[in-house]
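Residue numbers (the UniProt record's numbering): 1 to 269.
All C-beta atoms in this analysis are idealised placements derived from N, C-alpha and C, irrespective of residue type, glycine included.
Keep in mind that this is a model prediction, so the values were computed, not measured.
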């Protein structure tokens, strides 16, 4: 992966959030590419329960300051950055007071999903892409982790389809079994349609379940990595029927060579 540019877009990354399959792999995978001489950028949301002082986050003024339109409302985009100690890896944080100031990630104290998680997902996808445009950094691979990041593939290939910076970029989505019950806000599909994303691209989001979010991500990805040993039967069947290059599940101890070969031979080959 030497000199390859890989953009990692994740809903969670250690050490900024507790260790899960997603947060752990969102650190291990970029570290691998970094050690192989690749260039990486990691993006995640700046949730309010991330300790800014301890992790030494600071705002990047030259990247902040634009507004993203979410469902006809202007929402200011704030970009913060920090470095993972000892790794020389920079992490960019997508922030907005309305969406990410609360001291929690995706659910309240009772474990109930936040009602605006749909808008947070839209804001995160658009915020990442707009920031990468400002960096003028053209990735060879965009690697997506976690359902809050799952709108990035459809936004990149529909809303930003005329953006030359991403013409050659390949999108890889890792699919995990870290899901949620019930649905996100039922008005989610109309908020995405507001961005002139065509109906047939997102029709399954009439029911914004975890499975349906992942189906949209799979549809607009160039390759899929199975990130958990077991997925829901519905998502597993959808991946197998997708006719995309698929890397089956690899544990944290064995993923290195498999990921490298998959990226070089199946995704970029």
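| Query | Result |
| --- | --- |
| Pull up the CB-CB distance for residue 43 and residue 99, whole angstroms please, since I reckon it's below 8 Å. | Actually they are not in contact, since the Cβ atoms of residue 43 and residue 99 sit about 15 Å apart, beyond 8 Å. |
| Would you call the region 180-199 in contact with the region 164-172, where contact means no fewer than 3 C-beta pairs closer than 8 Å? | no |
| For residue 174, list the residues DSSP reports as bridge partners. | 145, 225 |
| So the beta strand (DSSP E) residue 39 belongs to, where does it begin and stop? | 39-45 |
| Give the straight-line distance between the Cα atoms of residue 148 and residue 176, rounded to the nearest whole angstrom. | 12 Å |
| Mark residue 85 as exposed unless 16 or more other C-beta atoms lie within 10 angstroms of its C-beta, in which case mark it buried. | exposed |
| Return the first residue and the last residue of the beta strand (DSSP E) that residue 74 is part of. | 73-76 |
| Quick one: Cα of residue 114 to Cα of residue 264, how far? | 39 Å |
| Is the CB-CB distance between residue 105 and residue 159 below 7 Å? | no |
| Could you compute how far the alpha carbon of residue 125 sits from the alpha carbon of residue 155? | 7 Å |
| Let me check understanding here. Comparing Cα to Cα, which of 267, 89, 93 lies closest to residue 80? | 93 |
| How should residue 73 be labelled, buried or exposed, when 16 other C-beta atoms within 10 angstroms of its C-beta is the threshold for buried? | exposed |
| Could you check the C-alpha separation between residue 16 and residue 35 for me, to the nearest Å? | 21 Å |
| Output the distance between the C-alpha atoms of residue 56 and residue 82, rounded to the nearest integer angstrom. | 6 Å |
| Compute the distance between the beta-carbons of residue 40 and residue 145, then report whether it is under 7 Å. | no |
| Which residues in the same chain as residue 4 place their Cβ atom closer than 6 Å to its Cβ, once the five residues preceding and following it in sequence are excluded? | 38, 140 |
| If we ignore side chains and look at the alpha-carbon of each, how far apart do residue 66 and residue 213 end up? | 27 Å |
| How big is the Cα-Cα spacing for residue 24 and residue 163? | 31 Å |
| Out of 49, 61, 137, which has the shortest C-alpha to C-alpha gap to residue 6? | 137 |
| Using DSSP bridges, identify the partner residues of residue 107. | 113 |
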